[in-house]
Each structure stands twice: as C-alpha cells, then as structure tokens.
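Structure record follows, encoded as structure tokens.
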Amino acid sequence: MNLVINTYGAYLQRQGDCFRVRVDDKVYDVACAKVSSILISTAAYLTTDAIKLAIDHNIDIIFIDEMGEPYARIWHSRFGSTTEIRRRQLAIAETEEGFNLALSWVKRKFDNQIELLKKLRTTRTRKSAQITGYIEKLENCRKQLDTMIGTIDEKRNTIMGVEGSGGRIYFQALSFLMPEDHKFEGRSRNPAKDEFNALLNYAYGILYSRVERACVIAGLDPYVGILHTDNYNKKSLVFDIIENYRAWAEEVVINLFAARKVKKEHFDQLENGYTLNKEGKALLIETFLRFLDESVRYCGRNIKRADIIQFDCHKIANSLLSREDESG
Amino acid sequence: MNQDNLVWVIYDITNNKTRGRIARACKNKGLYRVQKSAFLGKLNRTQIAELKALCGDIIDPAIDSVYIFPMCEEDFKKVQLLGQAFDRELVSDEVKALFL
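These protein sequences, in sequence, are chains A and B.
In case it helps, this note's numbering puts the first sequence at residues 44 to 371.
In case it helps, this note's numbering puts the second sequence at residues 157 to 256.
Here it is in structure tokens:
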C-alpha cells in the first residue's frame, strides 16, 4: 500500500521492520513489507533510520507540496540500469527516430483523449451530439500529425501548436460535461482557479512522481527529453512521457464530479484560487490509486494501469538498446 | 509465481518476553494484530517459511505453541465477524493508501 502522511507534525521513525508513524498521541506501525511508497504531503519529521529502511526495501519517499507538485524525493543513489541507454537517448533526440518516438507519444495522447470522450459519451445520451462534435474536432487535429516528417528541431513548434489547440478543444469538452455549478475556464495552475483544476493538478502530481520513478528504474534519464526542450534543468523526458497517461487523471477527476463525491469542504479557498485540503487530498489519492490498481488489457496481456507506466518505460529503454545492436 | 496467501498466526506462550518477541516477529513480517494472541495478514510462501523458522527459534517447544494457518480467499469471504472486528480490507491488502 501507499503510506500517505497527511497530518501536520507527523513523526516517522523505524521500529524493527516497521515504519512507526506518530500522529498526535496515536502510534501506528506499518510493516515495510506492505509499503510500496511513502507520500508526505504536509510538514512532518522523519528519522534517517526510517529513510534507510525505505531505501533498503526500494520504497521511495516522495514529498508533495500543497498544489500536488512533487518537489523532492528520496531514492537510492544508484541509477536503474546501464548508462548505454542514456547515451542512446541523447543520440536519438536529434534524429528522425527520436522525432517519431516523440510523435507517437503525442498521437497516443490524442487517442487517449478521444477514447475518454467516447467512453463518457456512452453514459451521457442527452449531450451525445455535442460530444461527437468535440471528438470530430479532436480527430481533425490528430490528422495533422499523420503526415508529419522531419526532425524535432524543425517541427517542435508545429507539434506543440497542434497539441495546444487539441488541448483547448479537449478541456472545453470536459468543461461541457461537468455539472452546471462546476464548469471551468480552461486549465489553471499555481493556484487552480476552480475545483476541477485543483483536483486535476494534484492528480497530475501523483502521476508525475510515478513516471519519474519508472524512468529511473528503466534506466532512462528523466532530464533528456525530446519534445520538451531540456535546457532549464527540468525533467523533460518525464513531461514527454506523462502525456501518455494524463487521460487517467482526467477520467478519475471527471468521475469524482459525476458521482457527486466532490464537496465544497474538500477545498481551501485562497485569494486567487483553490487548493485541496486534507480531506480533499485523501479522497483524490484513494480514488486515483484504486484506479491505477485496476487491471486492464494492454499489449495482449492483463496488466495493472500502474504497471503500464513501467512496462512502457522498459519498452522505450529496450528499443534504444536494440537499435544500438543493429547498427553495431 | 510466489502468490500471497492469507495466514493466521495463533499462539499460546507463557513467558512474557518470548510472547513479545513472537508478536514483534509477526508485526515485522506485515501481519496485523486482530486479537491479543492472533495475527492475520497476507504473506507469500517465502515469508511464511521465514516466519516459521523465526518462531521456531524463539519458542520453547516443550511448553509453547504457535499455529500458522493458511486460509484461502474463498473461505475468508465466508468469515463471520461479531463485536470488535478487524478491518477485512486492511488484512487482505485491499487498502491501497493508508492516510496518517
């Protein structure tokens, strides 16, 4: 399970092979064998013993700020795999191969968005016609990618442009599907201007930390992206790869609203926006993790959504290595 | 595949120190205390073997007893609970996130 430390001033220490969490006067022991990750979303203390226990069992400790953005993680100091993968990653970034890889991610993003809208359409018969309209617009956008060839340097702006206009259509469609009192005006971050964006930002944050972890384990360098430029010390590859999975976050958030699970009490109102509070975070994390834990059919096998991310990253890494073999 | 099994660990131990060590061993393996001398949780075959060896070293076989019962999912679903019951979802690892 994921251990989520969500109470101000919690104290995390080691007790035998257990993590001991002290919250106010209560003490909880959780065996490290049961913990897959520790998410700390509030001010907390932790001992180096606890960190050692986590590292020895491959449990990463992730720190998340109030917007849901992971700002640090404790992870062992080894790199997941051979450096050869990183070498190849740098080499293909400039080539047509790299371009095609990046293009396939953007296409998949579009496909996911279209698929999600189709899924949502089946249960919303009254709005069906308009949804179909949005889907057609998105499909037209996606078509612009089909004929694209070249290198990423030449085409980066074009792809980003298509992606951007697709995104606007997509979020208009999502806003259209929302209950009357929760319509929103496009995406907003830092802070979110509405409840939808507050939830979505937080969900993206969780996803982001998962993708980063999967990259490191597969031996991919998170800093070497293809589509996203890599000169601002940002984890460009994570931004590139996360596009494949964003639709999951959107699906979970939309369904939370549709099921009327989202309450005003889940948010703290700021001067210029909203953030999730303790109850809101608990609701979102619980629902999202359950969703990630569901098995789906993927590449001819039944696999948990959470494991798809790792599966894909390994596949990317392997394809980088095998290309090396062919040319050498 | 090293499949996880639901396991009950039930013991009868006279010496306080020995009893404490058995309880700690169960906890460290990831079992949940459901009664004073009863632990329950999911373990794989290796973990069960480890726990068995560990408990074997701790107890005095002449006076103490430790039972390790595996239980199948199907039977677990039929378990009846009265009064102060344990958390079914927690012991069967269905809780995906624990908020503290």
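Just so it is clear, CB atoms sit at the ideal spot from N, CA and C, and this is done for glycine as well.
Note that the structure is predicted; figures quoted are calculated from it, not measured.
| Is Ala74 of chain A near Cys61 of chain A, with beta carbons less than 8 Å apart? | yes
| message | For Trp164 of chain B, report the span of its alpha helix (DSSP H) as first-last. | response | No alpha helix (DSSP H) holds Trp164 of chain B; the beta strand (DSSP E) holding it covers 161-168.
| task | Kindly confirm or deny that the segment 227-234 of chain A and the segment 172-184 of chain A touch, where touching means at least three C-beta pairs closer than 8 Å. | result | no
| Closer than 8 Å to chain B by CB, Gly371 of chain A | Any reading at Gly371 of chain A needs caution, since the residue's pLDDT is 39, under 50, leaving its predicted position unreliable; the model's value is listed next. So no, Gly371 of chain A is outside the interface.
| Where does Cys184 of chain A sit, in a helix, a strand or coil, going by DSSP? | helix
| field | Meets three-Cβ-pair contact criterion under 8 Å: the segment 78-92 of chain A and the segment 206-222 of chain B | value | no
| By how many angstroms is the C-alpha of Thr50 of chain A removed from the C-alpha of Ala115 of chain A? | 18 Å
| message | Distance cutoff 8 Å, beta carbons only. Does Gly186 of chain B sit that close to anything in chain A? | response | yes
| query | When we look at the beta-carbon of Asp237 of chain A and count the other beta-carbons within 10 Å, is it buried (16 or more) or exposed? | reply | buried
| task | Please check if any C-beta of chain B sits within less than 8 Å of the C-beta of Lys304 of chain A. | result | no
| said: Whole angstroms are fine: how far does the CA of Val339 of chain A sit from the CA of Asn345 of chain A? | reply: 5 Å
| field | Within chain B, the residues that Val47 of chain A reaches when beta carbons sit closer than 9 Å | value | Within 9 Å Cβ-Cβ: Ala253, Leu254, Phe255, Leu256.
| query | Which of helix, strand or coil does DSSP assign to Gly197 of chain B? | reply | Here Gly197 of chain B carries a strand assignment [DSSP, helix/strand/coil].
| query | Which residues in chain A sit within 9 Å of Lys183 of chain B, going by Cβ to Cβ distance? | reply | Gln58, Gly59, Asp60, Cys61, Asp72, Ala74
| How about Ala216 of chain A and Leu250 of chain A: do their beta carbons lie closer than 8 Å? | No, these two residues do not count as a Cβ contact at 8 Å.
| query | Using the beta-carbon of each residue, which ones in chain A are nearer than 8 Å to Arg180 of chain B? | reply | Gly59
| query | By how many angstroms is the C-alpha of Phe239 of chain A removed from the C-alpha of Lys278 of chain A? | reply | 25 Å
| query | Within 7 Å: the Cβ of Ser279 of chain A and any heavy atom of the ligand HEM? | reply | The ligand content of the structure shown is nil, which means the ligand HEM is not present either.
| query | In chain order, what residues of the same chain have a beta carbon less than 7 Å from the beta carbon of Ile352 of chain A, not counting five sequence neighbours either side? | reply | In chain order, Arg253, Val254, Ala257, Tyr288 place their CB closer than 7 Å to the CB of Ile352 of chain A, counting only its own chain and leaving out the 5 sequence neighbours on each side.
| request: Determine the closest residue to Ala253 of chain B out of A:Asp99, A:Ile48, A:Leu144, with distance taken between C-alpha atoms. | output: A:Ile48
| query | So Tyr114 of chain A is in the beta strand (DSSP E); what residue range does that whole segment cover? | reply | 113-117
| message | Helix, strand or coil, according to DSSP, for Phe310 of chain A in the structure here? | response | strand
| Would you call the segment 260-267 of chain A and the segment 121-132 of chain A touching, i.e. three or more CB-CB distances under 8 Å? | yes
| Should Ile219 of chain B be labelled buried (16 or more other beta-carbon atoms within 10 Å of its own) or exposed? | Ile219 of chain B should be labelled exposed.
| field | Rounded C-alpha distance that separates Gly316 of chain A from Tyr213 of chain A | value | 22 Å
| task | Can you say whether Thr91 of chain A is buried or exposed, counting buried as having 16 or more other CB atoms within 10 angstroms of its CB? | result | exposed
| request: Out of B:Asn172, B:Ile178, B:Asp231, B:Glu230, state which residue places its alpha-carbon closest to the alpha-carbon of Asp213 of chain B. | output: B:Ile178
| field | Rounded separation between Phe282 of chain A and His271 of chain A - CA only | value | 7 Å
| query | What does Ala338 of chain A pair with, by DSSP beta-bridge criteria? | reply | A quick correction: the sequence has Ser, not Ala, at residue 338 of chain A. The partner list for Ser338 of chain A (beta bridge, DSSP) reads A:Lys347.
| request: Would you tell me roughly how many angstroms separate the C-alpha atoms of Phe142 of chain A and Ile269 of chain A, rounded to the nearest one? | output: 7 Å
| query | From the DSSP output, which residues share a beta bridge with Val190 of chain B? | reply | Paired residue(s): none; Val190 of chain B is not in a bridge.
| So is Asp355 of chain A buried or exposed if we call it buried at 16+ other beta carbons inside 10 Å? | That one is buried.
| task | Using a Cβ-Cβ cut-off of 8 Å, state whether Val64 of chain A counts as contacting chain B. | result | Cβ-Cβ to chain B under 8 Å: yes for Val64 of chain A.
| field | Under 8 Å between C-beta atoms of Gln173 of chain A and Phe219 of chain A | value | Contact: yes.
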